[in-house]
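Those protein sequence lines, which keep their order, are chains Y and D. Heads up: the first sequence begins at 9 in the working numbering, then just goes up one per residue. Heads up: the second sequence begins at 5 in the working numbering, then just goes up one per residue. Beta carbons are placed, not taken as given, at the ideal position from N, Cα and C, and that holds for glycine. Note that the structure is predicted; figures quoted are calculated from it, not measured. Below: the structure, in structure tokens.
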Amino acid sequence: AQKITQTQPGMFVQEKEAVTLDCTYDTSDQSYGLFWYKQPSSGEMIFLIYQGSYDEQNATEGRYSLNFQKARKSANLVISASQLGDSAMYFCAMREGWAAGNKLTFGGGTRVLVKP
Amino acid sequence: EAGVTQFPSHSVIEKGQTVTLRCDPISGHDNLYWYRRVMGKEIKFLLHFVKESKQDESGMPNNRFLAERTGGTYSTLKVQPAELEDSGVYFCASSQERTNSPLHFGNGTRLTVT
């Protein structure tokens, strides 16, 4: 079974509008972390935001926020006020267990194209 | 601080040849990972070092792949002999020993096997 599922392979968003990228996950661990990364066309992987399974509040980092619904096992990324530079691939990833060094498992990614 | 550095950025080799990829992690990061993304597919875990020790190599596809981390500093990933299906982007990442510590990725090495 897929551990991380991103159901939207690609989407368009109008500049200055908000966009929500879906991510659902599957784990039997009580302790886990969820990460979002951005990969622009230049290829580097840029860390955006982190949500721990025990965090009571949704994580926010500037224009990025994470809509964490633990019971539904979803961790959707919301980008507010989209900018042209937000056009990129976005990956959701999960680290299972307590150990800080545990590997990340990635979803298939969502390609976002911001239209002017 | 300097980020994760990977070399080369691109490599084109023929089937049967050998290629060695290098990764320099962020200084002080004990955790070092190798990942691979084959065209159009998911980013797949290959292996994880803690300092110089292999912590998890469950993602290594076969014995044509050999990873080392000398003295717990830089790491190399050798593919010998390379096959067509080895083509893809190889990412290296490093992280600190904290539960919420993200992986910091290098820019990747794009490997093309012809």
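**Study point:** Contact belief for Val23 of chain D with Ile17 of chain D at Cβ below 8 Å, rounded distance in angstroms
**Key:** Locating residue 23 of chain D in the second sequence gives position 19, where the first residue counts as 1. Locating residue 17 of chain D in the second sequence gives position 13, where the first residue counts as 1. That belief holds up - the Cβ atoms of Val23 of chain D and Ile17 of chain D are roughly 5 Å apart, short of 8 Å.
Review point. Count the other CB atoms within 10 Å of the CB of Leu92 of chain Y; is the residue buried (16 or more) or exposed (fewer)?
Key: By one-based count along the first sequence, residue 92 of chain Y stands at place 84. By the neighbour-count rule (16 or more Cβ atoms within 10 Å), Leu92 of chain Y is not buried but exposed.
Review point. Taking Cβ-Cβ distances shorter than 7 Å, what residues in chain D pair up with Met53 of chain Y?
Key: Here residue 53 of chain Y corresponds to residue number 45 of the first sequence, with the count starting at 1. Counting only Cβ-Cβ distances below 7 Å, Met53 of chain Y has contacts in chain D at Phe95 and Phe109, in chain order.
Review point. Can the beta-carbon of Tyr45 of chain Y be found less than 9 Å from the beta-carbon of Leu56 of chain Y?
Key: The sequence position of residue 45 of chain Y within the first sequence is 37, counting from 1. The sequence position of residue 56 of chain Y within the first sequence is 48, counting from 1. Against a cut-off of 9 Å, the Cβ pair of Leu56 of chain Y and Tyr45 of chain Y comes out as a contact.
Check your understanding: Between Val83 of chain D and Gly115 of chain Y, what straight-line distance do the alpha-carbon atoms span, to the nearest angstrom?
Key -> For the purposes of this step, residue 83 of chain D is taken as the residue at position 79 of the second sequence. For the purposes of this step, residue 115 of chain Y is taken as the residue at position 107 of the first sequence. Between the C-alpha atoms of Val83 of chain D and Gly115 of chain Y there is a straight-line separation of about 25 Å.
Check your understanding: Is DSSP giving Lys74 of chain D helix, strand or coil here?
Key -> Reading the second sequence from its first residue, position 70 is the one you call residue 74 of chain D. Note that residue 74 of chain D is Thr in the sequence shown here, rather than Lys. Assignment of Thr74 of chain D by DSSP, reduced to helix, strand and coil, places it in the helix class.
Review point. On the three-state DSSP scale, how would you describe Gly41 of chain Y?
Key: Start at 1 with the first residue of the first sequence, and residue 41 of chain Y comes out as number 33. Strand.
Review point. Would a check of beta-carbon distances place Glu101 of chain D closer than 9 Å to chain Y?
Key: Locating residue 101 of chain D in the second sequence gives position 97, counting from the first residue. For Glu101 of chain D, the closest Cβ of chain Y is nearer than 9 Å.
Practice item. Alpha carbon to alpha carbon, how far is Thr35 of chain Y from Lys81 of chain Y? Give it in angstroms, no decimals. Key: For the purposes of this step, residue 81 of chain Y is taken as the residue at position 73 of the first sequence. For the purposes of this step, residue 35 of chain Y is taken as the residue at position 27 of the first sequence. So the two alpha carbons sit approximately 9 Å from each other.
Review point. Under 7 Å Cβ-Cβ, which residues of chain Y neighbour Gln59 of chain D?
Key: Taking the first residue of the second sequence as position 1, residue 59 of chain D is located at position 55. Neighbours of Gln59 of chain D on chain Y, chain order: Gly109.
Review point. Between Val122 of chain Y and the rest of its own chain, which residues show a CB-CB distance below 7 Å, the 5 nearest in sequence each way excluded?
Key: Sequence index remark: in the first sequence, residue 122 of chain Y carries index 114 (1-based). Counting only Cβ-Cβ distances below 7 Å, and skipping sequence neighbours, we find Val21, Glu23, Ser90, Gln91, Leu92, Asp94 and Ser95.
Review point. For Pro12 of chain D, which option in D:Asn104, D:Thr118, D:Ser31 and D:Leu81 has the closest C-alpha, if you only look at C-alpha atoms?
Key: Here the question's residue 12 of chain D lines up with position 8 in the second sequence. Of D:Asn104, D:Thr118, D:Ser31 and D:Leu81, the residue nearest in Cα terms is D:Leu81.
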